[in-house]
Amino acid sequence: ETDVVEGGENFSVGQRQLLCMARAFLSDSNILVMDEATASIDTETDTLIQSIIHSAALQNKTVITIAHRMSSIMNYDRVMVLDYGEVKEFASPRELAANEDSIFYSLVHGGFSETNNKRY
Numbered sequence: 001e002t003d004v005v006e007g008g009e010n011f012s013v014g015q016r017q018l019l020c021m022a023r024a025f026l027s028d029s030n031i032l033v034m035d036e037a038t039a040s041i042d043t044e045t046d047t048l049i050q051s052i053i054h055s056a057a058l059q060n061k062t063v064i065t066i067a068h069r070m071s072s073i074m075n076y077d078r079v080m081v082l083d084y085g086e087v088k089e090f091a092s093p094r095e096l097a098a099n100e101d102s103i104f105y106s107l108v109h110g111g112f113s114e115t116n117n118k119r120y
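This is how it looks when you write it as structure tokens:
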């Protein structure tokens, strides 16, 4: 047993993110915006969260995800690639990942480091 401190200050960043996501998933909102929502969460938990997002429980919600972790977005309907605030690509992740000329292709195939968030 652990006491919860006011504001959840005794929770880790990842635990706080999980609580926020649970609240968002249970809300009545039709639109869910997730900005790096799984950034402080391990890959295994991220995979579980992605399965929840794509489950029947959220099928009537529009989910907009901002993410640098490619595995988090590969099953989404559409991906928008921004470069310095400008839309460069907008298509299915599978389509973009198959196009060797796309920015997304380079990110999926090693042109992006999840540890330093930089393209190289």
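Under the UniProt record's numbering, the first residue of the sequence shown carries the number 1, and numbering increases by one thereafter. The beta carbon of each residue, even a glycine, is placed where N, CA and C say it ideally should be. From a predicted model like this one, the values you see are computed outputs, not experimental measurements.
Taking the CB atoms as reference points, tell me whether residue i and residue j lie closer together than 8 Å.
i: L18; j: I41; result: yes
i: T45; j: R69; result: no
i: M34; j: I66; result: yes
i: F25; j: L48; result: no
i: N75; j: H109; result: no
Count the other CB atoms within 10 Å of the CB of residue i; is the residue buried (16 or more) or exposed (fewer)?
i: T43; result: exposed
i: I31; result: exposed
i: A22; result: exposed
i: V4; result: exposed
i: Q15; result: exposed
Residue i by DSSP, collapsed to three states: which one?
i: I49; result: helix
i: M34; result: strand
i: V13; result: helix
i: T43; result: helix
i: I73; result: coil
i: V87; result: strand
i: V5; result: coil
Tell me, to the nearest whole angstrom, how far the beta carbon of residue i is from that of residue j; I am working on the premise that it is less than 8 Å.
i: L96; j: Y105; result: 6 Å
i: K88; j: I103; result: 6 Å
i: V79; j: A98; result: Contact doesn't hold; Cβ gap of about 12 Å is too wide.
With a threshold of 7 Å, establish whether the CB of residue i neighbours any heavy atom of the ligand ADP.
i: Y76; result: You won't find the ligand ADP in this model; it holds no ligand whatsoever.
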